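Note that full-length UniProt numbering numbers the sequence shown so that position 5 is 5, with each residue one more than the last.
Structure, as structure tokens:
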Amino acid sequence: MSINELQDEVIAEFSDFDDWMDRYQLLIDLGNEQEPLDEKYKTEQNLIEGCQSRVWLQADDVDGKIVFKAESDALIVKGIIALLIKVLSGHTADEILKADLYFIDKIGLKEHLSPTRSNGLLSMVKQIRMYALAFKAKEGR
């Protein structure tokens with residue numbers, strides 16, 4: 001599936017719920033469904049700066065596609081990173097760099113997060129794009 005198809009799937013999933021308490025529960029469930037990150041990846045280098053909670057993000061090149069794994073010590077944040085991974089993992093660096101992440105606004109995520117969580121979300125997206133840039137630079141050699 002393309003990044004946009006995955007975003008549309010997330011939007012559809014969230015549109016089933018009108019109440020933000022239910023949407024937060026969906027986020028928590030998504031986070032809990034995610035495979036725990038191997039302890040060896042919980043390093044300072046993988047910590048995302050700018051997040052109030054601790055979030056570790058690991059990126060690997062698997063046959064030219066970037067596969068992300070992550071974990072957080074906060075339930076909602078774990079759900080947010082799980083959403084980003086659901087949409088962006090398994091795509092090429094170019095696809096990730098060109099992606100317009102419209103699903104974040106469409107599901108109303110930004111306006112329902114505290115300012116610190118909102119900044120954290122932006123930091124997560126920025127870090128994912130930084131990994132994509134790094135992989136793209138490696139490919140260009």
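Note that the Cβ used here is the ideal one computed from N, Cα and C, for glycine as well.
Since this is a predicted model, take the numbers as computed values, not measurements.
Where the beta strand (DSSP E) containing residue i begins and where it ends
i   : result
S72 : 65–72
Residue i - partner residues in DSSP beta bridges
i   : result
V10 : Its beta-bridge partners do not exist; DSSP assigns none.
W56 : L47, E71
H91 : I66
D29 : None; D29 has no bridge partner.
D18 : Note: D18 sits in no beta bridge, so no partner.
D61 : I66
C-alpha gap between residue i and residue j, whole angstroms
i    : j    : result
P115 : G64  : 35 Å
R129 : L57  : 12 Å
D16  : A70  : 26 Å
D19  : I81  : 21 Å
G108 : L84  : 15 Å
M21  : G140 : 45 Å
G90  : M1   : 10 Å
K98  : Q127 : 15 Å
G50  : L113 : 15 Å
K136 : D94  : 7 Å
D60  : L26  : 27 Å
Q52  : R117 : 7 Å
L101 : G31  : 19 Å
L37  : D105 : 27 Å
The alpha helix (DSSP H) enclosing residue i, as first and last residue numbers
i    : result
Y131 : 115–139
K106 : 103–106
Anticipated Cβ contact below 8 Å, residue i with residue j, distance rounded
i    : j   : result
G120 : V62 : G120 to V62, Cβ: 26 Å. No contact.
F103 : I11 : 5 Å
L75  : I3  : Not really, about 25 Å apart at Cβ, beyond 8 Å.
V55  : S72 : 4 Å
S123 : I48 : 5 Å
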